[in-house]
Every structure is written in structure tokens, then in C-alpha cells.
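In this note's numbering, the protein residues as written are 147 to 457.
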């Protein structure tokens with residue numbers, strides 16, 4: 147893999163995997179463009195060199211093929227403003243629409259492909275689909291840190307179709323990896339790690355890795371309720387991986403043996419439905435009522451976590 151900053155993109159068509167999975171309101175306006183802004187330095191460098199940029203991303207979780215609410219075309223007006231040029235759009239990420247748009251692309255121009263997840267082959271890591279995507283450019287740049295852990299066609303599989311000197315991380319990915327390396331290998335002590343997310347199973351390797359390095363491990367998010375249930379607490383209808391209760395207990399035991407302070411939420415904001423107009427209340431995590439689900443940490447958990455972080 148080559149170095150992005152020293153690569154000259156002049157005359158190249160760079161196929162860039164970005165993470166433009168941004169929130170949209172009911173009128174399809176972007177409500178938080180942080181992820182798009184994160185990719186701008188990478189896009190800018192390629193264009194300044196005299197290269198063309200072909201952007202590919204997913205948006206949301208379309209169930210079965212194209213859905214207008216998940217179309218990346220909604221991003222074009224704001225993306226064009228941010229990039230400083232009119233971004234072109236291909237109505238598919240493969241096939242004739244993508245090939246024709248990519249083929250006509252001139253140096254300095256930017257093309258956005260339609261949502262990768264409109265094809266189930268993307269999340270399945272299909273090799274033929276990855277090869278078709280790869281044919282659109284002659285350099286591959288992965289700048290999608292938020293999805294880099296998934297073995298999808300556009301992240302892991304596609305790299306096989308580019309020689310080592312034509313595939314690289316973008317500037318956002320490089321910065322994230324530098325930061326991770328700094329924290330994991332050169333951090334001051336004591337080191338506190340905060341983990342969230344829905345599933346313990348998604349984070350098990352990270353947890354095991356961190357337990358060799360941290361003094362405090364704070365666990366929030368939906369995954370906290372799997373740990374709480376493993377401790378015998380009533381969690382109502384909160385998110386829980388029933389088949390990972392033994393794993394959660396094993397992690398708790400290992401943390402205790404290693405002298406790591408593993409902190410779980412002590413109270414929750416609970417709701418009677420996953421809905422904006424649901425009834426809500428705060429309860430301690432020993433007594434989440436049946437039919438209610440934990441959706442956020444409560445005030446006592448905030449104080450507990452804050453105290454640990456500040457120390």
C-alpha cells in the first residue's frame with residue numbers, strides 16, 4: 147500500500163470509498179455534514195494534482211434494492227457547495243450509468259455513484275461486484291473509516307483488484323489510524339476507554355485488545371444491557387444479545403482479574419416504545435420495568451462516567 151500524500155494523481159481516476167452515511171430530515175436536507183467534511187481534504191488533494199474523483203458510499207440500510215429516501219442524489223447540492231464544483235451523479239454504482247459517467251470524467255471533476263447498498267452484493271462482499279466497481283478507476287483510495295471494519299465489496303474485496311502502488315488510505319483514514327496508534331501504544335496513564343454500540347459481539351476483539359492497555363473501561367450504548375442482564379438485572383425489553391451473556395460475564399471476570407475498573411451505567415432513560423413520542427422516565431438499572439427499554443444513560447451514570455474521565 148502506497149502513501150497518499152506523496153502520490154501524484156495527475157491523469158488518474160481515483161475511486162474513493164467515503165462514508166457519506168449522513169442523517170437527512172424529511173425534506174432530504176443533511177442535518178449533520180461532519181462525515182462529508184471529513185473527506186474534503188482527500189478529494190481536494192486528488193483534484194489539485196489533476197486527478198478525477200469517483201466517490202462511492204452507502205446511505206442507510208435499504209432493504210431490497212433502490213429506495214428514493216436512501217438515494218445519494220439528495221447529497222449532490224450540499225456536496226457540490228462543499229467541494230467547490232458541480233458534482234456529477236451516476237444513477238447506479240455499476241453498469242452502463244456508472245461506466246459512462248466515469249468514462250467521461252475529466253481531470254478535476256467529481257462524480258458520485260449511487261448508493262452501494264442498493265446492491266445486496268455490497269454487504270455480502272461479492273467479488274464480481276467488487277471487480278465491476280474497481281473497473282471504474284485506476285487508483286483505489288479508502289477514506290471510509292466508519293465502515294472499514296466490514297468485509298464489504300467496496301472496502302475489503304475491491305482492494306484485491308489494484309496493485310500495491312495503486313491502493314492507499316485517504317487523509318481521514320490516515321489520521322484516524324495515527325490517533326488509534328497513539329492512544330493504544332503511546333498514551334499517558336491512566337488510560338480510559340469508552341465503548342458503545344449495539345452488540346458485544348461486534349466489539350469483543352476491541353475489548354480484549356483494550357484490556358491489555360487501559361485502567362478504566364466505560365461501557366455504554368445498547369451493549370451495556372447485555373452486561374447488565376448477565377449480572378442478573380432486569381432489563382425489560384432493552385437491547386440484549388441473549389447468546390452473549392456468558393461472554394459478557396467472562397469479560398467482567400477478566401477485567402476484575404486484571405484490576406481494570408469496568409464501569410457500566412447505573413441508571414437509564416427508559417421508554418415504552420422506540421418512538422419520538424414515547425413515554426419516558428429515569429430508573430435505576432436494577433429495576434427496568436417489563437415492557438420498557440433503556441435508550442440512554444441516566445443522570446447518575448453521567449456523574450459516574452464524568453468523575454472517572456476527569457480523574
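For every residue, glycine included, the Cβ atom is placed at its ideal position computed from N, Cα and C.
Beta carbon of residue 382 nearer than 8 Å to that of residue 439: Within the chain shown, the letter at position 236 stands for residue 382. Within the chain shown, the letter at position 293 stands for residue 439. Against a cut-off of 8 Å, the Cβ pair of residue 439 and residue 382 comes out as a contact.
Let me check understanding here. Comparing Cα to Cα, which of 425, 423, 229 and 442 lies closest to residue 431? As a working note, residue 431 is residue 285 in the chain shown. Residue 431 has its Cα closest to that of 442, out of 425, 423, 229 and 442.
Is residue 314 near residue 291, with beta carbons less than 8 Å apart? Reading the chain shown from its first residue, position 168 is the one you call residue 314. Reading the chain shown from its first residue, position 145 is the one you call residue 291. Not a contact, by the Cβ cut-off of 8 Å.
Candidates 358, 411 and 257: closest to residue 451 by CA position: Here residue 451 corresponds to residue number 305 of the chain shown, with the count starting at 1. Answer by Cα proximity: 411.
Is the distance from the Cβ of residue 226 to the Cβ of residue 197 below 8 Å? For the purposes of this step, residue 226 is identified with residue 80 of the chain shown, where counting begins at 1. For the purposes of this step, residue 197 is identified with residue 51 of the chain shown, where counting begins at 1. Taking 8 Å as the Cβ cut-off, residue 226 and residue 197 do not qualify as a contacting pair.
So the candidates are 221, 246, 187 and 245; which of them puts its Cα closest to the Cα of residue 173? The sequence position of residue 173 within the chain shown is 27, counting from 1. Answer by Cα proximity: 221.
Helix, strand or coil: which one does DSSP assign to residue 261? The residue given as residue 261 occupies position 115 in the chain shown. Coil.
Restricting to Cα atoms, I'd like to know which of 241, 192, 165 and 260 is closest to residue 458. Outside the displayed span of the chain (147 to 457) sits residue 458, for which this structure offers no information.
Start and end residues, beta strand (DSSP E) containing residue 440: Locating residue 440 in the chain shown gives position 294, counting from the first residue. Its beta strand (DSSP E) spans residues 439-443.
Inter-residue spacing [alpha-carbon to alpha-carbon] between residue 205 and residue 403: Residue 205 sits at position 59 when you count from the first residue of the chain shown. Residue 403 sits at position 257 when you count from the first residue of the chain shown. Computed Cα separation, rounded: 42 Å.
Which residue marks the beginning of the alpha helix (DSSP H) containing residue 182, and which one marks its end? Taking the first residue of the chain shown as 1, we reach residue 182 at position 36. Run containing residue 182: 180-195, per the alpha helix (DSSP H) assignment.
Per-residue DSSP class, three states only, for residue 426: Taking the first residue of the chain shown as position 1, residue 426 is located at position 280. Residue 426: strand per DSSP, three-state reduction.
Do the stretch 289-308 and the stretch 209-216 touch if we need at least three Cβ pairs shorter than 8 Å? no
Would you list the one or two residues that DSSP bridges to residue 286? What you label residue 286 is simply residue 140 of the chain shown in a count that begins at 1. Partner(s): 161 and 313.
Looking at residue 446: is its Cβ nearer than 8 Å to the Cβ of residue 413? As a position in the chain shown, residue 446 is number 300, starting the count at 1. As a position in the chain shown, residue 413 is number 267, starting the count at 1. Yes, they are a contact pair.
Relative to the alpha-carbon of residue 183, which residue among 317, 406 and 327 has its alpha-carbon at the smallest distance? As a working note, residue 183 is residue 37 in the chain shown. It is 317 whose Cα lies nearest to the Cα of residue 183.
7 Å CB neighbourhood of residue 271 in its chain, flanking five on each side removed: Here the question's residue 271 lines up with position 125 in the chain shown. Hits under 7 Å: 297, 298, 299, 302 and 303.
I'd like to check one pair, residue 374 with residue 339: are the Cβ atoms closer than 8 Å? In the chain shown, the residue the question calls residue 339 occupies position 193. In the chain shown, the residue the question calls residue 374 occupies position 228. Not a contact, by the Cβ cut-off of 8 Å.
On the criterion of 16 or more Cβ atoms from any shown chain inside 10 Å, does residue 390 qualify as buried, or is it exposed? Within the chain shown, residue 390 is the residue found at index 244, counting from 1. Flag for residue 390 reads buried.
For residue 216, which residues from the same chain have a beta carbon less than 7 Å from its beta carbon, with the 5 sequence-adjacent residues on both sides left out? Numbered from 1 along the chain shown, position 70 holds the residue referred to as residue 216. 205, 206, 208 and 261.
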